[in-house]
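Numbering (the working numbering), first residue to last: 7 to 576.
I have placed the structure first, in the form of structure tokens, so that the comments after it can refer back to it.
Here it is as structure tokens:
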């Protein structure tokens, strides 16, 4: 790291090298600095030679220091506390996130070696500087150090401002409220807490007298807060501004997208608004792009299904489908399969909406309806790219189904998902889309159906013995493999699981291999029931049986298995 005087010369020379300032202007700035003192960066800006953006770009390019827009980052209040406010203001820094022993800081002057050393000594951590504008850093210091660390405090601060429920035509006031610091804090706190708690969705819905905020965690919605109804206009306006939506239009549904960092996590937020009788409801789907990619062994597949599924994904060509309702983990299963077979020797391409994980050695394409990139024409383009394996995020229409089947018949291994209740229903769904029965029979190699069940909390689970009537009604004794006593588990509820009795989820699966007997039934357009009965004769076991087996192993509860499987095998 250069000394201060060398650093100042370096910054000036960097600006000259980029053609942003002349030698004469640098000499004038250095003379001004000698006369009045101050940092050279501030002086050349105040003299109008360069802008903040110019300096940030130069540092990023010449010194390899990453420039960061703080408006796109949600900072964890616990990370902010690492550096005292007085020190943050003195050195013009704001902590962004901490990983192991490294603290990443946004700095106005990342080349200031004395500031970096001071911060290293004060925190006991290694400092990783990134550069941001002085305006952004000071705004962030004001926002986070005055600050709120809990949702309750954020609500109190926003409510003190006295925001009333605003008439539809007060667009300017809505913009003001949406940009106001307390409202920014409240919305940021709602999102950051949702990410910390592992929520997949955030529901913000107006009621007659409150604004209800709910998180979907492990597939179940739970209420986290009911702030006053008069905050609705500000919250909705702020979120719409973040997604670049029309804040004046409140009568029609709108869809948008927000990309931001929450701490060190890159989060992609899919936003939907819906007009209700009490105002606009907002649902945000949170996709953690930095989430851990699961292996096939971690999904909950039984040893038998895992062996057969792995054999299918290593076939040279054919169509493999994963089915289930929205939020049942289909995409996660396909990602695990792709991750298992991807290598430098294979060309693997996906088309998804959205891209949820980024996988090495795989080319991933994002559906973009506005630009004309749909599943169908995106898949056509992919097939001209010499692929070995193709994943289509979802087969939604006849055209996509037809192209996927043709691809499977012409030497490609194709993975995709369908929305059907069970594995056998996938065949009927393809035929309903207009696919020819003999083509489906020739291309389809297997169908997996799945559901997600909540795992019993390891900290508070306790065993119990079910009643004889319950054992008989569910045929549990047939699953015990000679064990004398049937024992199940339940979660009592504790602080670790927020008194739900559950923590995390696993999948339960049924796998339908397409053998000759089932192919014959597909060709004659047999019903889903006939296909299922044929499969049972060759050892097929449905979702409920696999779910009950998981309950007997102590992984989940009977209630969870019945909740997700009763409509299929009730």
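We treat Cβ as the ideally placed atom computed from N, Cα and C, and that holds for glycine.
Cutoff 8 Å; reference residue i; Cβ partners in own chain excluding five residues on either side
{"i": "residue 556", "result": "306, 459, 512, 514, 562, 567"}
{"i": "residue 392", "result": "353"}
{"i": "residue 529", "result": "443, 444, 447"}
{"i": "residue 494", "result": "469, 470, 471, 472, 557, 558, 560, 563, 564"}
{"i": "residue 259", "result": "278, 279, 280, 281"}
{"i": "residue 367", "result": "348, 349, 350, 352, 354"}
{"i": "residue 520", "result": "447, 450, 451, 452, 453, 528"}
{"i": "residue 217", "result": "210, 211, 232, 233, 234, 235, 237, 238, 241"}
Beta-carbon proximity of residue i to residue j, cut-off 8 Å
{"i": "residue 282", "j": "residue 288", "result": "no"}
{"i": "residue 365", "j": "residue 348", "result": "yes"}
{"i": "residue 206", "j": "residue 291", "result": "yes"}
{"i": "residue 255", "j": "residue 223", "result": "no"}
{"i": "residue 432", "j": "residue 408", "result": "no"}
{"i": "residue 112", "j": "residue 65", "result": "no"}
{"i": "residue 273", "j": "residue 361", "result": "no"}
{"i": "residue 482", "j": "residue 549", "result": "no"}
{"i": "residue 449", "j": "residue 325", "result": "yes"}
{"i": "residue 339", "j": "residue 454", "result": "yes"}
{"i": "residue 358", "j": "residue 373", "result": "yes"}
{"i": "residue 139", "j": "residue 30", "result": "no"}
{"i": "residue 209", "j": "residue 227", "result": "yes"}
{"i": "residue 56", "j": "residue 21", "result": "yes"}
{"i": "residue 233", "j": "residue 285", "result": "no"}
{"i": "residue 53", "j": "residue 37", "result": "no"}
Close Cβ partners of residue i (< 7 Å) along its chain, the five nearest in sequence each way excluded
{"i": "residue 352", "result": "394, 395"}
{"i": "residue 244", "result": "184, 189, 190, 193"}
{"i": "residue 79", "result": "102, 266, 267"}
{"i": "residue 414", "result": "323, 324, 325, 420, 449"}
{"i": "residue 328", "result": "336, 339, 340, 423, 454, 456"}
{"i": "residue 505", "result": "499"}
{"i": "residue 311", "result": "515, 517"}
Per DSSP, the bridge partner or partners of residue i
{"i": "residue 513", "result": "458"}
{"i": "residue 468", "result": "496"}
{"i": "residue 112", "result": "100, 136"}
{"i": "residue 208", "result": "221, 290"}
{"i": "residue 508", "result": "462"}
{"i": "residue 452", "result": "326, 519"}
{"i": "residue 419", "result": "324, 395"}
Residue i, enclosing beta strand (DSSP E) - first and last residue
{"i": "residue 260", "result": "260-268"}
{"i": "residue 325", "result": "324-329"}
{"i": "residue 383", "result": "It is not in any beta strand (DSSP E) - residue 383 instead sits in the alpha helix (DSSP H) that spans 381-389."}
{"i": "residue 285", "result": "285-294"}
{"i": "residue 218", "result": "217-223"}
{"i": "residue 427", "result": "Residue 427 -> no beta strand (DSSP E), and no H or E assigned at all."}
{"i": "residue 540", "result": "Here residue 540 belongs to no beta strand (DSSP E); instead the alpha helix (DSSP H) covers 534-543."}
{"i": "residue 356", "result": "354-358"}
{"i": "residue 231", "result": "226-231"}
{"i": "residue 372", "result": "368-372"}
{"i": "residue 397", "result": "395-398"}
Run of the alpha helix (DSSP H) containing residue i, from where it starts to where it stops
{"i": "residue 345", "result": "336-347"}
{"i": "residue 241", "result": "238-248"}
{"i": "residue 46", "result": "46-52"}
{"i": "residue 282", "result": "Careful: residue 282 lies outside any alpha helix (DSSP H), inside the beta strand (DSSP E) at 271-282."}
{"i": "residue 474", "result": "474-480"}
{"i": "residue 42", "result": "29-42"}
{"i": "residue 312", "result": "309-319"}
{"i": "residue 119", "result": "119-129"}
{"i": "residue 411", "result": "404-415"}
{"i": "residue 551", "result": "549-558"}
{"i": "residue 84", "result": "83-86"}
Contacting residues, own chain, Cβ-Cβ under 6 Å from residue i (five flanking each side not counted)
{"i": "residue 417", "result": "323"}
{"i": "residue 131", "result": "107, 109"}
{"i": "residue 262", "result": "249, 251, 277"}
{"i": "residue 125", "result": "133"}
{"i": "residue 343", "result": "319"}
{"i": "residue 429", "result": "453, 455, 516, 518"}
{"i": "residue 142", "result": "76"}
{"i": "residue 541", "result": "518"}
Buried versus exposed, by CB contacts within 10 Å (16 or more), residue i
{"i": "residue 185", "result": "With a pLDDT of 47 at residue 185, under the threshold of 50, the modelled position of this residue cannot be trusted, and the question is left open."}
{"i": "residue 538", "result": "buried"}
{"i": "residue 318", "result": "buried"}
{"i": "residue 456", "result": "buried"}
{"i": "residue 40", "result": "exposed"}
{"i": "residue 535", "result": "exposed"}
{"i": "residue 86", "result": "buried"}
{"i": "residue 2", "result": "Examination of residue 2 is not possible in this model, given that the chain is present from 7 through 576 alone."}
{"i": "residue 467", "result": "buried"}
Any non-hydrogen atom of the ligand ADP within 7 Å of residue i CB
{"i": "residue 396", "result": "Of the ligands one can find in the structure shown there are none, so the ligand ADP has no counterpart to examine."}
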